[in-house]
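Protein chains in written order, with UniProt numbering: chain H, 1 to 269; chain V, 1 to 269; chain U, 1 to 269; chain L, 1 to 269.
Even glycine gets a Cβ: it sits at the ideal position worked out from N, Cα and C.
Below: one structure, written as structure tokens.
4 protein chains.
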Amino acid sequence: MAKSKFEYVRDFEADDTCLPNCWIVVRLDGRNFHRFSEQHEFKKPNDDRALHLMTKCAQTVMQELEDIAIAYGQSDEYSFVFKKKSRWFKRRASKFMTHVVSQFASSYVFYWKDYFKDQQLMYPPGFDGRIVLYPSNQNLKDYLSWRQADCHINNLYNTVFWMLVQRSGLTPVQAQDRLQGTLAGDKNEILFSEFNINYNNEPLMYRKGTVLIWQKTNEVVTKKIKLPKEAEEKEVEVTRTRTKVVPLHCDIIGDQFWEEYPEILAEDS
Amino acid sequence: MAKSKFEYVRDFEADDTCLPNCWIVVRLDGRNFHRFSEQHEFKKPNDDRALHLMTKCAQTVMQELEDIAIAYGQSDEYSFVFKKKSRWFKRRASKFMTHVVSQFASSYVFYWKDYFKDQQLMYPPGFDGRIVLYPSNQNLKDYLSWRQADCHINNLYNTVFWMLVQRSGLTPVQAQDRLQGTLAGDKNEILFSEFNINYNNEPLMYRKGTVLIWQKTNEVVTKKIKLPKEAEEKEVEVTRTRTKVVPLHCDIIGDQFWEEYPEILAEDS
Amino acid sequence: MAKSKFEYVRDFEADDTCLPNCWIVVRLDGRNFHRFSEQHEFKKPNDDRALHLMTKCAQTVMQELEDIAIAYGQSDEYSFVFKKKSRWFKRRASKFMTHVVSQFASSYVFYWKDYFKDQQLMYPPGFDGRIVLYPSNQNLKDYLSWRQADCHINNLYNTVFWMLVQRSGLTPVQAQDRLQGTLAGDKNEILFSEFNINYNNEPLMYRKGTVLIWQKTNEVVTKKIKLPKEAEEKEVEVTRTRTKVVPLHCDIIGDQFWEEYPEILAEDS
Amino acid sequence: MAKSKFEYVRDFEADDTCLPNCWIVVRLDGRNFHRFSEQHEFKKPNDDRALHLMTKCAQTVMQELEDIAIAYGQSDEYSFVFKKKSRWFKRRASKFMTHVVSQFASSYVFYWKDYFKDQQLMYPPGFDGRIVLYPSNQNLKDYLSWRQADCHINNLYNTVFWMLVQRSGLTPVQAQDRLQGTLAGDKNEILFSEFNINYNNEPLMYRKGTVLIWQKTNEVVTKKIKLPKEAEEKEVEVTRTRTKVVPLHCDIIGDQFWEEYPEILAEDS
């Protein structure tokens, strides 16, 4: 049982180091989530429980793993952006991908009941992941803009589609035919004239997706301390500064967000 | 919000197609499982609940994913071997890795309570994965032999180590010192002379790990059928042939296993 | 001028090690050789000077570099097959590719005048290269068969095409139109009935391309030696066994070639 | 001879596209040039003929290939920098590498006699190449600085070393021992006090290497034109603007060079 005789097989593992000084994005997607969402009776077009669970899992990923600067999620996908200068696991692509998706997947089952209550999880879901490198800040911003524009386009479509199905009684096929070839303006008009919905008043989380960033927060905590000359412990209030993962539902396509949070793209971040 | 303006970012995704006609191995390892096993009070050196849960997850992976010919697991690791000719997801490495680890991780939480009963899962565990290609059958067999030899070496060490700690009352450091520089024969001797344990009688699952293969099984099921001329349904027994994932705890280093299951390496498999 | 301040840039170089235990093929093609062959008045459809020069360069590559088991060339391309077990330059793909094409290119200019005599070389030609891995012997044989089948198809076409142009006085466009949609049999028939040419009697080098292999040869050389008791040196004949690169023009698609030279594919080669 | 039966082998070729929006550097080195330079009696420590020939080859590479923004050479190496936005050959790494080294190698032999006159080229030399990506302008500048700092360090060493050998009559081993552990200041001092050489007055080409950039030049050419109302052709002088590859021997580590030629790093270049 000499192990050494077989150890040559280690040389077959290829090096998959990511190019230095590039943003490393890992995007994760639910596997067969169309079927999964039907089996678990997700509310259409948006299920708050499911969206909040996705965000809880993404927060767990950011807290458990190293060097994630920002994350963006919508529907059944989430993108995690590792810092340009990250040296985590020597920048090995397989490590980044598998840690993200495995932590996300285990969290999804672990936290399921906190969001879905009595709705039982019927089977363990799968996720797939991919990795992409972006050399410049502009490339990275354009990547995130691409995902948020995708969120907008899909959500507008889905909002009208499900109104037509749920309120006007169209079949899915009829709703699809009705929307064939319509532009954004047409869809807004249908929502407004037929369902009295101003799309711009729809919840930001649906329209913009969720951005996760690190923020310093001040927490006031009560601590018991024992002062030198006193016999008893005393309760005092202390302010503690912590860095937490905070969800935002805002536009990240324009400049305002990046001006407000310059540290995200800062060279030394 | 023109999505198209940003879509150029898709071109940054690199192609990671695996070389055709090679065995594709994805190996998964528990992340920080040393700490995890302590926090969840795993029995040392082997916890049957943990080992069976690992195997349950691996079975789920084999059933949910495509083209896995064989899997091998020990301790907190599992290797999955995809067929040489597999065309699943166009052989993209990231797809293989992320599907394996996410399905495994979600299954681990999902099936936890079936094996650990009242022992609560304290947090969602992580796993990492890697992918390696093996061009020839011999390379693949040597890979699996390497993992099984590793299982043997570790398990023999752990068995003596924990005997010294649990039964002889040595501290972990003392036990480590005692075993420093000992050969396999020395460890067998300690087990036998001091603890009356014949290592070869230890459970096969501990010594050999777990091999998962596909096997045709005949199941006798009871079906209700309605015969043409009769009013009532009738219960009949039918034999159904199904292909199931079956765990074995046997040697895979020698030739016998491969001669017994030639279909695993068969060219057209 | 501290060099060390800049040396971090070395980490940007990616590892491009070839998977072990695979045949490594480097194929080289002339760059813009259509234009090059016209400017240097290559005889059509085949120019013996050009073909022999290509083969001379390929021989030089095999002799100067390590571990090339076999090479195959036709027209303005040559494929070099490195041994499965080669550890040359740690199997780095860039080393294999650049050594092959640079040695070939410098040899092309160096040996030009030996083949083209008074026909001056007008400018230094370029070549491109690519690398492909083949895991099994069958894959490698199929690769070489693919190139030889390509040689046959192109040469048959070119033979008829240039007959129509050179002997029947068709313009290139007319010749192309005439051959549009014809099968191999049709082309053979045109050659035979219109030009009294039996294609199978055309030179093997044109029809089969050139295979380069290593062969042991016995050379009788004359050496001057000085015998102990004699004053004068004396000339004696000695037989020296050398391994040389030998060109063949034979079929490599069928089994016969591989049966005759089993050492090419031998595991330990 | 059905080609199609074998064409599956094409799928084994891996995609080696370079990440977009990165500078692509191909560095070429002479193979065994230590031996080559001795056999061809290169003057030590610097042979003008050899350096000028290297630069002639590099110019040819820049003119024949696409999208090279700048090149830098010293000793027997040359680095070629392709533009960030280059789409040449779909950014395939193998194409960049093999075109550079093959064009350089064939040019080396082709132009040899223009520089080495009666000194015959004894055999065709080889070159190796590698490819490295740099995401930011700073990374690229640091790469070029690294090579120029390397030039300085080597040239200072070689200048003293060969003085000690050629003028002081030390053996190479003695010269090496003498220089063991000396700093730059020590070497300058030896040159000055023992050989009356001020290193800073040594030729710039030796100390700084050669930078190749594109420059617009105005050429006055004489053209024969026929004016409408005149019978005879007339010679007139015309100024033609051409872009040429120009060699410089200047510092590229400091900012001055980059401020003088901002177009090299310009985003749209």
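Straight-line measurement puts the Cα of L53(U) at about 23 Å from the Cα of E64(L). Straight through space, the alpha carbons of F104(L) and V61(L) are spaced by roughly 6 Å. By the rule that beta-carbons nearer than 7 Å mark a contact, P247(H) does not touch chain U.
In the DSSP assignment, I70(U) is bridged to V81(U) and I213(U). Close to chain H, meaning a Cβ-Cβ distance shorter than 7 Å, are the following residues of the segment 125–152 of chain V: P125, G126, F127, D128, G129, R130, I131, V132, L133, Y134, N139, D142, Y143, S145, W146, A149, D150 and H152. Shown here for K226(V): same chain residues with a beta carbon closer than 6 Å to its own, the five before and five after excluded, namely E233 in chain order. Secondary structure note for P247(U): its beta strand (DSSP E) is the uninterrupted segment E233 to L248. Here T243(H) has W214, Q215, K216 and T217 as same chain residues with Cβ atoms under 8 Å from its own Cβ, once five neighbours each way along the sequence are excluded. Contacts between L265(V) and chain U, judged by CB atoms closer than 9 Å, are missing: the closest CB pair is about 13 Å apart. Closest in C-alpha terms to V173(H), from the list D128(H), F161(H) and L183(H), comes F161(H).
At least one CB of chain U lies nearer than 7 Å to the CB of S106(L).
For H249(V), the closest of V221(V), V25(V) and L51(V) by C-alpha to C-alpha distance is L51(V). With contacts defined by Cβ atoms closer than 7 Å, S75(V) and R147(V) do not form a contacting pair. For a Cβ distance threshold of 8 Å, residue set D15, T17 and L19 of chain L lies close to A14(V), ordered along the chain. When DSSP states are grouped into helix, strand and coil, E230(H) belongs to the coil group. Per the coordinates, the alpha-carbon of E77(L) lies some 25 Å from the alpha-carbon of D29(U). Remark: C-beta atoms of V81(L) and A93(L) do not approach each other more closely than 7 Å. Per the Cβ contact rule, the segment 32–40 of chain V is not in contact with the segment 112–122 of chain H (fewer than 3 Cβ pairs under 8 Å). Among the CB atoms of chain L, one or more fall inside 7 Å of the CB of D11(V). Taking CB atoms only, Q103(U) has a neighbour in chain L less than 7 Å away.
A Cβ-Cβ distance of about 19 Å is found for the pair G254(L) and G73(L), leaving them out of contact under the 8 Å criterion. For C22(L), the neighbours in chain H by C-beta distance under 7 Å run, in chain order, P135.
Between the segment 9–24 of chain L and the segment 123–140 of chain L, the count of Cβ pairs shorter than 8 Å is three or higher; the stretches touch. Between the alpha carbons of T98(H) and G129(V) lies a gap of roughly 6 Å. Judged by beta-carbon spacing, E219(H) lies within the 7 Å limit of R240(H), meaning their Cβ atoms are closer than that value. Put simply, the CB of F110(V) is near chain H, with a gap under 7 Å to one of its CB atoms. Contact annotation for L121(L) against chain U: F110 [CB-CB distance below 8 Å, chain order]. Restricted to the segment 115–185 of chain U, the beta strand (DSSP E) segments that are unbroken, complete and at least 3 residues in length are 127–134, listed in chain order.
Of all C-beta pairs linking the segment 139–159 of chain V to the segment 181–188 of chain V, three or more are shorter than 8 Å, placing the two stretches in contact. Counting C-beta atoms within 10 angstroms of its own C-beta, R87(L) has fewer than 16 neighbours from the protein chains shown and is therefore classed as exposed. Distances from the alpha-carbon of L183(V) to those of L204(V), I153(V) and I197(V) put I153(V) closest.
Taken atom to atom, the span from the alpha-carbon of K83(U) to that of C18(L) is near 28 Å.
Here DSSP, grouped into helix, strand and coil, assigns I252(L) to coil. K223(U) sits in a strand when the DSSP states are folded into three classes. In this structure, P124(L) lies near F110(U), with their beta-carbon atoms less than 7 Å apart.
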